[in-house]
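Take a look at the structure below.
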Amino acid sequence: MRTINLKNKENKTIITLSNFIYSETEIRIFDFDINISDDIFTASTRIEAEKYDFVNLLSGLKRLYDFKIKTISFCPIETQFSLMFNLLDNGQIKVSGYLSNKMSTNKLGFEFISDQTFIPDLVNEIEDILIENCNETNFC
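To convert, note that position 55 of the sequence shown is 55 in the numbering used here; the numbers rise steadily by one, no gaps.
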């Protein structure tokens, strides 16, 4: 099972996206589990995102890594989950966002610091998910 893992600057996985199911109807949709876990809290739910959302995230991460942009976001069609990556002046990346559940109005906001060393692995993980599920190799 392939996963997408976002790690903090101590190389600890904070966010995991897993169990991807891809469907191609009028819109190309990924259905997947998201788990956010830190020392103090754990939250998880299942959400949907368009293939386009992952392609944009992939492109943005590559441009962020090359210092071509300072901010990218991942905001799937369902408003249950949002991620923002901000390149700080010291080269670290502030990752922030929120997670909610369809059955509740509560939102879990989170923020952690990472650095650019996690981006190449993250890019590879996203590419692997897209290749495995969409049978394509050229996304950006």
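Idealized CB from N, CA, C, for every residue including glycine. Since the model is a prediction, treat every value here as computed from it, not as a measurement.
N-terminal and C-terminal residue of the alpha helix (DSSP H) that residue i is part of
i, result
"LEU58", "51 to 65"
C-alpha gap between residue i and residue j, whole angstroms
i, j, result
"CYS140", "ASN101", "Confidence is the limiting factor: at CYS140 the pLDDT is only 46, short of 50, which leaves the residue's position unreliable, though a coordinate-based value still follows. Approximately 31 Å, taken between the alpha carbons."
"GLU24", "SER82", "23 Å"
"ASN133", "TYR52", "13 Å"
"CYS75", "LYS7", "19 Å"
"SER114", "LYS94", "6 Å"
"GLY91", "GLN116", "7 Å"
"ASP89", "ASP38", "25 Å"
"GLU181", "MET1", "As displayed, the chain neither begins before 1 nor continues past 140, which places residue 181 out of reach and without an answer."
Beta-carbon gap between residue i and residue j smaller than 8 Å
i, j, result
"ILE36", "GLU48", "no"
"PHE20", "ILE129", "yes"
"SER44", "ASP33", "yes"
"ILE14", "LEU57", "no"
"LEU122", "LEU61", "yes"
Option in the options with minimal Cα separation from residue i
i, options, result
"PHE118", "TYR65, MET84, ILE77", "TYR65"
"ILE69", "ILE40, GLU50, MET84", "MET84"
"LEU17", "GLU10, ASN124, ILE4", "ILE4"
"GLY97", "PHE112, LEU122, ASP121", "PHE112"
Residue i - containing beta strand (DSSP E), residue span
i, result
"ASN35", "28 to 37"
Cβ-heavy atom distance, residue i to the ligand GTP, below 7 Å
i, result
"ILE14", "Ligands are entirely absent from the displayed structure, and the ligand GTP is therefore not among its contents."
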